[in-house]
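Counted the way mature numbering (1 follows the signal peptide of the UniProt record, and there is no 0) counts, the sequence shown spans residues -21 to -1, 1 to 510. All C-beta atoms, glycine included, are put in the ideal place defined by N, C-alpha and C.
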Amino acid sequence: MASSISISLFLVCLSIAVCFGQQESYPMWKVFCSGRPLYRGRLDSIVTPGSPAGHVHKVMGGSHFSAGVKGQSPQELFDVTKSADCTTCSIHTVDNSNYWHPELYYQWPNGTFSVVPDGGLTVYYIARTGEAGGPQYNNPNWQPFPKGLRMIAGDPWRRTYNKSDNTHNAVSFVCLTDFGMPNAPETNGFQTDKYFCKNGFRMQVFFPMCWDGINLDSPNHRSHMAYPSQYNTGDCPASHPVRIPGLFFEAFYAIDKFPHGTGRQPFVLANGDPTGYGFHGDFVNGWDVDVVKNMLSDKSCLASNTNLGNNPERCLPIQNFVKKSIDSDCELAKAIPLTENIGMVEPVSRLPGCNPILYSNPVVCSEGSEPRSMNNSGTFHLLSKRTGRYVTFNPITEIVYANAPAINPSYRETWGLGWAGRDLGRTIRSTELNRHFTMQDTLRVRGPEPDTWEIFEIEKQANSDYVAIKNRRHNKYLQVEPDFTITGTATIITDACLFRLVTPDGGHVPQGLTMSDVTNLQGLSSNLGKK
């Protein structure tokens, strides 16, 4: 899996706005976040605390992200966020912030949608000064993020671009065409109709860096913050006099496996936006205040010393907190059950939530907003008859086990019959990684390249809710061993080879699928695979 660390090493300075805005005598560091999100789904603890969000997000950062609680104060949310045990990003302990942005979907010619998998997030922290020669240039008086600060940059309802509006200029896009070749021009809307992004599509948003000094949040989650005289630098207005480090998101999406660049704009944000103007980012502060204060005053943290942020370990106040590699085993402290099919394994007929695809005049609607309104037949849990537990996997070893408890099954216990580019059988994919079962000594989750896929047959057992799963390459059945691992060595079907397909339903374990359900799943997979 490509992480944002490896991507950023190649893309040290591809954003002119970031790299050449002014001299390098300002604090600057980067936070690199794993290509495997901490969470993906319809939660947003800022906008819709305690209830489903309007559209699907990809969340990175500290493990204490959750739906939040309605009426929870910014300070209370900070206390929870800051106390996380781990983070999926590159600076541990002193930064447990949460960062999120909308998922990107590919719209197939038949009108269905698939989530674009993988990709990572790089978060720039840039403490820029005011206008040259002015008082905010000579004395910027940077302040650390206050405890409880949270904010949104961008507007999911926007479908137009006004070049004289800083909030519009704060959003931009770059198609990474090919290493050694010039990238596509940076634009303020999607460009995937004109260019093929072989090495990824980068979505960018600057956050406002001027705070009113009073409010940790506001009703629209924006007005307590303001952009300086330019969207990424300049003087703060008198209404928002406190200058804090500016955040800049570079969200990477691996779109090279999806046809594009031929004149049709096939991508759409989870909020129903096919233009890109509605891209946005969310930030919940989880920084140690004293550490950020020291970073803003320590010369070792200047951009000239940190290699424009690419080497944050050169900044002495955080030197001992920069990871050599991003934790791949950091999980949510409290599992969030998957209650709707978001299109990770199979294409879905519509975007989760109520998000019609509109180039102008997006609407607020409620029909279809409930998670249970999505067709969940494409996802299921595998319940072992032998162990009475669900199939899951270890993210470090990639080994698959039948040892997960039945309560609150999470993403690692959620699978689907994925469509494959072959005529016979089906792949079985993890909804978390969009990667496949593959046989080694034991069953593992690997991919995503087709030559690592394994193809399986799902065989319904007579007068039973259970199925057997045959590996087509070995012509043998999967079976659960006494140590809960799963191998592909069985030639005779026993209870160790039997699994029940159980669909997610609002966090509650429902009844198993019938044979007709299994048949429909396979038929759906076959039809959707023919693009």
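Taking one C-beta from the stretch 442 to 460 and one from the stretch 472 to 481 each time, how about it: are there three or more such pairs within less than 8 Å? Three or more beta-carbon pairs separated by less than 8 Å link the stretch 442 to 460 to the stretch 472 to 481, which places the two stretches in contact.
Per DSSP, what are the beta-bridge partners of Ala205 in this structure? DSSP lists Cys189 as partners of Ala205.
Since Pro350 and Glu319 should fall inside the 8 Å C-beta cutoff, what is the C-beta to C-beta distance between them, to a whole number of angstroms? Cβ atoms of Pro350 and Glu319 come within 8 Å of each other, at about 4 Å.
Tell me the rounded alpha-carbon separation between Thr376 and Gly14. Approximately 17 Å between the Cα atoms of the pair.
Straight-line CA distance for Asn442 to Phe175? The alpha-carbon atoms of Asn442 and Phe175 are separated by roughly 51 Å.
Checking the sheet assignment: what are the DSSP bridge partners for Met160? Partner(s): none; Met160 has no beta bridge.
In this structure, what does DSSP give as the bridge partners for Asn77? Under DSSP, Asn77 forms a beta bridge with Gly40, Val263.
If we count Cβ pairs, one from each stretch, closer than 8 Å, do we get three or more for the stretch 154 to 173 versus the stretch 104 to 113? Too few Cβ pairs lie closer than 8 Å, so no.
Using a C-beta cutoff of 9 Å, does Asn289 count as contacting chain D? Among the chains in the structure shown there is no chain D, since it carries only a single protein chain.
In its own chain, which residues sit with a C-beta less than 6 Å from the C-beta of His415, not counting the 5 before and 5 after it? Annotation for His415: Thr406, Arg408, Gly426, Trp432 place their beta carbon closer than 6 Å to its own, counting only its chain and skipping 5 residues before and after.
Tell me the DSSP bridge mates of Gly20? Note: Gly20 sits in a beta bridge opposite His36.
Might you give, ordered along the chain, the residues of its own chain that have their beta carbon closer than 7 Å to the beta carbon of Ser345, omitting 5 neighbours on each side? Counting only residues of its own chain and dropping the five nearest sequence neighbours on each side, Ser345 has a CB closer than 7 Å to the CB of Cys333.
On the DSSP bridge assignment, give the partners of Thr101 in chain order. Residue pairing from DSSP places Thr101 in a beta bridge opposite Phe11, Glu229.
I want to know whether the stretch 45 to 58 touches the stretch 130 to 142 - three or more CB-CB distances under 8 Å. Taking a cut-off of 8 Å on C-beta distances, the stretch 45 to 58 does not touch the stretch 130 to 142, as fewer than three cross pairs fall below it.
Tell me whether the beta-carbon of Tyr84 lies closer than 9 Å to the beta-carbon of Leu330. With a cutoff of 9 Å on beta-carbon distance, Tyr84 and Leu330 are scored as near each other.
Does the Cβ-Cβ distance between Ala149 and Val184 come in under 9 Å? With contacts defined by Cβ atoms closer than 9 Å, Ala149 and Val184 form a contacting pair.
Which value, in whole angstroms, describes the spacing of the CA atoms of Cys12 and Thr470? The straight-line gap from Cα to Cα measures roughly 44 Å.
Reduced DSSP secondary structure (H/G/I, E/B, other) of Ile407: Three-state DSSP puts Ile407 in a strand.
For the alpha helix (DSSP H) that Phe57 lies in, which residues bound it at each end? In the DSSP annotation of this structure, the continuous segment of the alpha helix (DSSP H) that includes Phe57 starts and ends at 53 to 61.
By the DSSP assignment, the beta strand (DSSP E) with His415 in it spans what residues? Secondary structure note for His415: its beta strand (DSSP E) is the uninterrupted segment 415 to 418.
If we ignore side chains and look at the alpha-carbon of each, how far apart do Lys9 and His259 end up? Between Lys9 and His259, the C-alpha separation is close to 19 Å.
Just mark Arg452 as buried or exposed, buried being the case when its beta carbon has 16 or more other beta carbons within 10 Å. Result: exposed.
Beta-carbon spacing of Pro224, Tyr206 below 9 Å: No. Outside cutoff.
Through-space distance from Ser197 to Glu325, alpha-carbon basis: Answer to the nearest angstrom: the Cα atoms are 38 Å apart.
Could you give the DSSP three-state label for His147: helix, strand or coil? Looking at His147 - three-state DSSP - the assignment turns out to be helix.
Quick one: residues in its chain with C-beta nearer than 6 Å to the C-beta of Glu392, no 5 flanking neighbours on either side, listed in chain order? Contacts found: His360, Tyr369, Thr371, Ala383.
So, for Glu438: in the same chain, excluding its five sequence neighbours on each side, which residues have a beta-carbon less than 7 Å away from its beta-carbon? In the same chain as Glu438, and ignoring 5 residues on each side of it, the C-beta atoms closer than 7 Å to its own belong to Val446, Ala447, Lys449, in chain order.
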